[in-house]
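Asks:
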Amino acid sequence: MANESNRQAELKKMVLCTSCAGIQRNWRRAPGHAELVQQSSRKEERDGHTVNVTSYRCDACGTRWEYENDKTNQQAGWSVIGQ
Ligand SMILES: [Zn+2]
170 MANESNRQAE LKKMVLCTSC AGIQRNWRRA PGHAELVQQS SRKEERDGHT
220 VNVTSYRCDA CGTRWEYEND KTNQQAGWSV IGQ
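All residue numbers for the sequence shown refer to my numbering, where the first residue is 170 and numbers rise by one.
(1) Classify A203 as buried or exposed, calling it buried when 16 or more other Cβ atoms lie within 10 Å of its own Cβ.
(2) Could you tell me if the beta carbon of V251 falls within a distance shorter than 8 Å of some heavy atom in ligand 1?
(3) Please tell me whether D228 and R197 are closer than 9 Å, where the distance is taken between their beta carbons.
(4) So A189 is in the alpha helix (DSSP H); what residue range does that whole segment cover?
(5) Please output, in chain order, the residues near ligand 1 using a CB cut-off of less than 6 Å to any non-hydrogen atom of the ligand.
Set out below in structure tokens:
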């Protein structure tokens with residue numbers, strides 16, 4: 170089972186365009202890239218404070234990203250949410 174999900178993670182990684190593959194994930198203030206198009210933003214509660222979560226879609230490869238802006242969390246940042 171672990172092997173299978175690893176393999177799927179590998180496949181997923183391979184369909185990212187070069188720009189998307191270069192985004193540093195889960196790191197606060199890591200830059201995105203020029204082909205990301207902003208979609209929407211929302212507010213979410215995190216341990217008693219509110220953070221902004223902005224979603225983007227890559228024009229080049231269609232990958233959907235979210236960027237979480239949490240001043241108190243160095244590990245908040247970019248994450249892939251789908252394609
Ligand atoms: Zn891309």
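We put the CB at the ideal spot given by N, CA and C, even for glycine.
Replies: On the basis of the supplied data:
(1) Translated into the one-based positions of the sequence shown, residue 203 becomes position 34. A residue is called buried when at least 16 other Cβ atoms come within 10 angstroms of its Cβ; A203 does not meet this threshold and is exposed.
(2) On the sequence shown, residue 251 is found 82 positions in, with the first residue counted as 1. One detail in the question is off: residue 251 reads as Gly in this sequence, not Val. No.
(3) Taking the first residue of the sequence shown as 1, we reach residue 228 at position 59. Taking the first residue of the sequence shown as 1, we reach residue 197 at position 28. No, Cβ-Cβ distance for D228 and R197 is not below 9 Å.
(4) Position 20 of the sequence shown, counted from the start, is the residue given in the question as residue 189. Note that residue 189 corresponds to Cys in the displayed sequence, not to Ala. Per DSSP, the unbroken alpha helix (DSSP H) holding C189 starts and ends at 187-190.
(5) Every residue with a CB closer than 6 Å to a heavy atom of ligand 1 is listed here in chain order: L185, C186, S188, C189, C227, A229, C230, T232.
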